[in-house]
Amino acid sequence: MPKPPTGTVTPASIVEAMKAATHGPSGVRASFARGQCVRGTYLPSDRAKEITKCRSFTTPSRVLGRFTVDGNLGAADADRRMLRGFSFRLGSNGHRSDILTQSAPVHYARTPAQMLGFLEARMPGPDGNPDPAKVAAFSAANPETLHQADHVGARPPTASFAGTTYWGVHAFPATNAKGETRFIKFKVSPVGGDLVLSEDEARAKPADFLHDDLKIRIAAGDVRFSLMALLDRPGDPVMDVTIRWPDEDHREAVRLGTIVITRVAPNDACDTALFDPANLAEGIGPPPDEIFAARSTAYGLKLLA
Ligand code: HEM
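Note that the sequence shown covers residues -19 to 285 in our numbering.
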C-alpha cells in the first residue's frame, strides 16, 4: 500500500515541497524555471471542428509560447533526466486557452497526496542530496511514480526544443458543435520529427545548448508543430495521469492545427502573462482527475507576481 505523506496535502504545500526538493529560490517558478518565451501563430486544420467547437482551436490566432527545462534555474539543458516543457496560449479575446505540455506522456503521481509523498522522499538531507534509501522505499511502495522516469530513461537525449514531442498528459473533455463530448489527449509533434543525440554528444553540450539551438532555428526559419488530438476509446483510464491509454501511440488522432513559432520574445512577456492550465475556453473542459484540480490552484498562486 502507498505510504501516506507526513505533511498536510494542499496545492500550496505541494508547491512548497517542489521548491524545497529542487532548492528553488522565491520569485522563481517552482518547476520548469528556465525557459525561452516565443511568439507565433496557430493555423487550424479543417478537421478541428469535428473534435471541438472551442474557438481557441478552430480559428487562427497569435500564439504566446514558452519552451522550458524542468527543475530550478541551475538545471542544465543537457541533463536528460529533466523534462522539456512547451506551454502555449491560443485564441483571441474571450476564447483563449493555455495548454501546458511536457516531454513525457505521464505525470509522476496519481493524486496530490502521492505527489507530496514523492517530493518529501526526495528532500535534500544535510549533504544537500536526497537519501537514496528513502527514495527507494517510496518507489517500492508506489511503483507507478516511476513511470515518468522510465519513459525518459528509455529514450535518447533530445537535440532540440524544436525536435521534441510534447504531451498534455491529462484527458480533456472536448465538445463539438453537434454537442458530442469525448475525451482527447493533446500531443504536440515536431513537423520535422524528433531530433536526438547520442549519450556522448549530450555530455559534450554546453549548459544552454537547447536555448541557443532554438534561437538559431527561429532566426533561420519557422519552427512548426502539429497539434494532435488523440481520440478516446470506451474504458480508457481518464482519471489516472500515471498511465497511458492502451495502445496510445497508435491511436486514431486528428490534427487540430499547426503551431508556427516565428520569433523569440522577451521572457518578461511569459512572466507577466503566466500560463494557467485552468484557462480553457468553451468547448474544452477541465480534465476530471485529482492532479488537474490541484494544478488549477497551484498555478493561481502566481509565484512570480
Ligand atoms: C500532468 C501534470 C503536470 C504537467 C504536464 C505540468 C507541466 C508544467 C509546465 C510545462 C510548467 C511551465 C509553465 C510555463 O511555461 O510557464 C509548469 C509549471 C509549474 N507547475 Fe506544473 N505540471 C504538472 C503538474 C503540476 C502539479 C500537480 C502542480 C502542483 C500541485 C504543479 C505546479 C507547478 C507550478 C507551481 C509551476 C510554476 C508556475 C509559475 O509560477 O508560472 N504542476 N508545470
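Every residue gets a Cβ at the ideal spot worked out from N, C-alpha and C, and that includes glycine.
Item: Any heavy atom of the ligand HEM closer than 7 Å to the CB of residue 75?; Value: no
Item: Helix, strand or coil for residue 119? Go by DSSP, reduced to three states.; Value: helix
Item: Under the criterion of a Cβ to heavy atom distance below 7 Å, does residue -3 qualify as lining the ligand HEM?; Value: no
Item: On the three-pair Cβ rule with 8 Å, is the region 62 to 70 touching the region 81 to 90?; Value: yes
Item: Use the C-beta contact count for residue 164: other C-beta atoms within 10 angstroms, 16 or more gives buried, fewer gives exposed.; Value: buried
Item: By alpha-carbon positions, which one of 57, 114, 134 and 273 ends up nearest to residue 219?; Value: 273
Item: Here's the rule I'm using: 16 or more other beta-carbon atoms within 10 Å means buried, otherwise exposed. How should residue 213 be labelled?; Value: exposed
Item: Measuring only the C-alpha atoms, how far is residue 99 from residue 47?; Value: 24 Å
Item: State buried or exposed for residue 295, treating a residue as buried only when at least 16 other CB atoms are found within 10 Å of its CB.; Value: Absent from the structure is residue 295, since the part of the chain shown begins at -19 and ends at 285.
Item: Let me see if you follow: with CB-CB separation under 8 Å, is residue 139 close to chain B or not?; Value: Although the question refers to chain B, the structure presented lacks it and comprises just one protein chain.
Item: In the DSSP assignment, find the unbroken beta strand (DSSP E) run with residue 22 in it and report its ends.; Value: 14 to 24
Item: For a test of your reading of the model: does the CB of residue 214 fall under 7 Å from any non-hydrogen atom of the ligand HEM? Yes or no.; Value: no
Item: Three-state secondary structure (DSSP) at residue 279?; Value: helix
Item: Could you pull the DSSP bridge partners for residue 67 from this structure?; Value: 46 and 80
Item: What are the uninterrupted segments assigned as beta strand (DSSP E) that are 3 or more residues long and contained completely in the region 199 to 226, given in chain order?; Value: 203 to 211
Item: Within a Cβ cutoff of 7 Å, which residues of the same chain sit near residue 221, ignoring the five residues on either side of it in sequence?; Value: 86, 87, 90, 149, 150, 269 and 271
Item: How would you write the range of the beta strand (DSSP E) that residue 233 sits in, first residue to last?; Value: 233 to 244
Item: What does a CB cutoff of less than 7 Å around residue 28 pick up in its chain, not counting 5 residues either side in sequence?; Value: 37, 38, 236 and 237
Item: Taking only three categories from DSSP, how would you classify residue -1?; Value: helix
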